[in-house]
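Novice:
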Amino acid sequence: MSDSYTFPADFQWGVATAAYQIEGAATMDGRGLSIWDELSHRAGGTRTGENGDVACDHYHRFEEDVQLMASLGIRNYRFSVSWPRVIPEGTGAVNQKGLDFYSKLVDALLAHDITPHVTLFHWDAPLALQQKYGGWSNRQMATDFADYSSMMVRALGDRVSNWMTINEIPCFTMLGLGVEQRGEHAPGLKVDAMSDVWQAIHYACLGHGLCTQAIRAASPQPCTVSLVDNIAVPVPVTESEPDIRAAQKAFSNAWCNGAIIYPVLTGAFSDTFLAEKEAKGELPKDIQDGDWEIISTPVDAVGINLYSGTYVKAAENEQGFVDVPCGDSYPKLDMPWLQIVPDAIYWGLRHVRECCGFKGDLFISENGCAHADEVTADGEILDMGRILYLRSYLRQVHRAIEEGLPVSGYFQWSFMDNFEWSWGYAKRFGLIFTNYNTMERIPKESARWYSECIRQNRVV
Ligand code: PNW
Numbered sequence: 011m012s013d014s015y016t017f018p019a020d021f022q023w024g025v026a027t028a029a030y031q032i033e034g035a036a037t038m039d040g041r042g043l044s045i046w047d048e049l050s051h052r053a054g055g056t057r058t059g060e061n062g063d064v065a066c067d068h069y070h071r072f073e074e075d076v077q078l079m080a081s082l083g084i085r086n087y088r089f090s091v092s093w094p095r096v097i098p099e100g101t102g103a104v105n106q107k108g109l110d111f112y113s114k115l116v117d118a119l120l121a122h123d124i125t126p127h128v129t130l131f132h133w134d135a136p137l138a139l140q141q142k143y144g145g146w147s148n149r150q151m152a153t154d155f156a157d158y159s160s161m162m163v164r165a166l167g168d169r170v171s172n173w174m175t176i177n178e179i180p181c182f183t184m185l186g187l188g189v190e191q192r193g194e195h196a197p198g199l200k201v202d203a204m205s206d207v208w209q210a211i212h213y214a215c216l217g218h219g220l221c222t223q224a225i226r227a228a229s230p231q232p233c234t235v236s237l238v239d240n241i242a243v244p245v246p247v248t249e250s251e252p253d254i255r256a257a258q259k260a261f262s263n264a265w266c267n268g269a270i271i272y273p274v275l276t277g278a279f280s281d282t283f284l285a286e287k288e289a290k291g292e293l294p295k296d297i298q299d300g301d302w303e304i305i306s307t308p309v310d311a312v313g314i315n316l317y318s319g320t321y322v323k324a325a326e327n328e329q330g331f332v333d334v335p336c337g338d339s340y341p342k343l344d345m346p347w348l349q350i351v352p353d354a355i356y357w358g359l360r361h362v363r364e365c366c367g368f369k370g371d372l373f374i375s376e377n378g379c380a381h382a383d384e385v386t387a388d389g390e391i392l393d394m395g396r397i398l399y400l401r402s403y404l405r406q407v408h409r410a411i412e413e414g415l416p417v418s419g420y421f422q423w424s425f426m427d428n429f430e431w432s433w434g435y436a437k438r439f440g441l442i443f444t445n446y447n448t449m450e451r452i453p454k455e456s457a458r459w460y461s462e463c464i465r466q467n468r469v470v
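Heads up, the sequence shown stops at 470 in this note's numbering, and the numbers go up one at a time, no gaps.
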């Protein structure tokens, strides 16, 4: 048997999910509403009119889900806590039943030898705080988020030592607030100017920093704290010095990189972001003394959510690069933005280290794809496109490790098909097929493949 693409012995193979996408039980046991309940129940809120009221009913089926995970040999599970399930109004009274759910989930995982990795915020902000003061558009949100986080760490910190603060800041700011039209993601609002969007990003970064401090202060044991970011990743068309330099220049101001990963890891906007937004008058207005120190509170690790990338090459222009479009024939999976760019996972890891100078651990907190899965007459789901995708990306993770990058783990998105936000249930990202009529879970061919990767500790 071959041993190519073997990972280090302590490499963490995992799967990931998020609360609103799988739990359901939206009004059960005292859970408060989140901004995703509000948006998904709004007319035209999601493309399919669907919501997460029931989702995968994981709230009631977590024990069998954990067993299924264990049967596949999965040893690491990344899930998120629904803030309004545990603090219905966002601040104040704790909902003990909500807290009990997460406590029982953690116990079930540990009983099956699965390490819990907990994300404290995966977009489902308490609706009460959105209505009270505008959620992440208000500085207060950062403090309230840190207070909720400390409560969670006090409750689970005896058994959980891997904490993630916020998942993908761009998705509830840049994609949640629109200038021309309402954001597609919650809170799904229209704002006056781009500076309002960058302001919300600044407050979210502040929330991340305060949360990092709160976790460390509340944890009863040594723990790992990380930010999870979906950096935009420019890939050099050729691996030559000029194109690599071009990709690095592009990275410093691609999408939200200059306002999130740079501040968190370096304590300042990237130079290219600052210059561009200053010229356009788009910088946030409320940046106070001490904010940068809080935002750049050292983290142990950075989790990268990586699905796709873009191509750039060197050019004799002011910015030093040009984007190279993929064109219509470029291979894609089942999302409009899902061009298959395996090298982006290698370059994403490398950019964070080389461009932001981050020397801590890196891990892939999400990687996966939507695939138009169907059950065959034999009851199988033969998702060969997903295997092709995961195999190619994992080989690039392996390359990064081989070149010396400290990559500690990989979480496939997602354990099971679930509520794909504004796409409803139309897009399937799971290793496990969810039958939404019967709630039956059926492992796909990719689950068998992934399980074998874990068993052999290599890309098979
Ligand atoms: C991530 N894009 O979101 C999220 O963390 C998950 O909750 C989600 O289900 C998963 O990826 C699949 O979409 C993304 O526009 C949202 O490029 C948008 C983009 C990428 C990821």
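The C-beta atom is built at its ideal place from N, Cα and C for all residues, glycine as well.
#1: Measure how close the beta-carbons of S90 and T129 come, nearest whole angstrom, since I'm counting them as under 8 Å.
#2: Quick test of your reading: P197 and I45, contact by CB under 8 Å. State the CB separation rounded to the nearest angstrom.
#3: Are at least three pairs of beta-carbons, each pair with one atom in the region 254 to 265 and one in the region 150 to 160, less than 8 Å apart?
#4: According to DSSP, is D301 part of a helix, a strand, or is it coil?
#5: Have a look at C366 and A242 and give me their C-alpha separation to the nearest angstrom.
#6: Jot down the residue ranges of each uninterrupted beta strand (DSSP E) in the region 49 to 131, minimum 3 residues, whole runs only, in chain order.
#7: Determine whether the beta carbon atoms of L348 and A380 lie at a separation below 8 Å.
#8: Cutting at 7 Å between CB atoms, please list the residues of its own chain near A214, excluding the five before and the five after it.
#9: Is the CB-CB distance between L137 and P94 below 8 Å?
#10: Could you give the residue range of the beta strand (DSSP E) that holds R192?
#11: Where do the N-terminal and C-terminal ends of the alpha helix (DSSP H) with L139 fall, by residue?
#12: Let me confirm a value: M394 is counted as buried when at least 16 other C-beta atoms fall within 10 Å, else exposed. Which label applies?
#13: With a threshold of 16 other CB atoms inside 10 Å of the CB of D338, please say whether the residue is buried or exposed.
#14: Where DSSP assigns a beta bridge to W23, which residues make up the other side?
#15: Measure the alpha-carbon distance for A285 versus A210 and round it to whole angstroms.
#16: Do the region 261 to 270 and the region 162 to 175 touch if we need at least three Cβ pairs shorter than 8 Å?
#17: So K290 is in the alpha helix (DSSP H); what residue range does that whole segment cover?
#18: Is any non-hydrogen atom of ligand 1 found closer than 7 Å to the C-beta of C5, if you look at the structure I gave you?
#19: CB-CB under 7 Å to A36, same chain, minus the five flanking residues each way: which ones, in chain order?
#20: Is the region 357 to 376 touching the region 409 to 429 in the sense that three or more CB pairs, one from each, lie closer than 8 Å?
#21: Please report how far the alpha carbon of T125 lies from the alpha carbon of S306, in whole angstroms.
#22: Does the pairing of the region 111 to 123 with the region 63 to 83 give three or more beta-carbon distances under 8 Å?
#23: Can you check which of these residues, C336, I397, D239, is closest to G358 by C-alpha distance?
#24: How far does the alpha helix (DSSP H) with K437 in it extend, from its first residue to its last?
#25: Identify whether K323 lies in helix, strand or coil by the three-state DSSP scheme.
#26: My assumption, with CB atoms under 8 Å, is that L392 sits in contact with G313. Please give the rounded CB distance.
#27: Taking 8 Å as the cut-off, decide whether the C-beta atoms of L216 and V201 are in contact.
#28: Express the C-alpha separation of F279 and V96 in angstroms, rounding to a whole number.
#29: Which runs of the alpha helix (DSSP H), 4 residues or longer, sit entirely within the region 163 to 244?
#30: Tell me, which residues are paired with I452 by DSSP?
#31: When we look at the beta-carbon of T386 and count the other beta-carbons within 10 Å, is it buried (16 or more) or exposed?
#32: Let me know the secondary structure DSSP gives R41 once reduced to three states.
#33: Which residues mark the beginning and the end of the alpha helix (DSSP H) in which V312 is found?
#34: According to the neighbour-count rule (16 or more other Cβ atoms, all chains shown, within 10 Å of its Cβ), is Q231 buried or exposed?
#35: Hey, out of Q466, A29, A382, W431, whose CA is closest to K454's CA?
#36: Between V25 and Q422, is the Cβ-Cβ spacing less than 8 Å?
Specialist: Judging by the given coordinates:
#1: 4 Å
#2: 5 Å
#3: no
#4: helix
#5: 14 Å
#6: Runs of beta strand (DSSP E) with 3 or more residues, each lying fully within the region 49 to 131, are found at 86 to 90, 125 to 131, listed in chain order.
#7: yes
#8: W146, I176, I179, T183
#9: Closer than 8 Å, so yes.
#10: Looking at the DSSP string, R192 is not in any beta strand (DSSP E), and its letter there is neither H nor E.
#11: 137 to 143
#12: exposed
#13: exposed
#14: Y420
#15: 19 Å
#16: no
#17: Looking at the DSSP string, the run of the alpha helix (DSSP H) that includes K290 is 281 to 290.
#18: This structure gives no information on residue 5, because the portion of the chain shown stretches from 11 to 470.
#19: D47, G62, D63
#20: A contact exists between the region 409 to 429 and the region 357 to 376.
#21: 27 Å
#22: yes
#23: Among C336, I397, D239, the Cα nearest to that of G358 is on D239.
#24: Unbroken run through K437: none, as it is neither H nor E.
#25: strand
#26: A Cβ-Cβ distance of about 31 Å is found for the pair L392 and G313, leaving them out of contact under the 8 Å criterion.
#27: no
#28: 34 Å
#29: 179 to 182, 204 to 228
#30: F443
#31: For T386, the number of other beta carbons within 10 angstroms of its own is below 16, and it is reported as exposed.
#32: coil
#33: From DSSP, V312 is part of no alpha helix (DSSP H) but of the beta strand (DSSP E) over 311 to 315.
#34: exposed
#35: A382
#36: In this structure, V25 places its C-beta atom within 8 Å of the C-beta atom of Q422.
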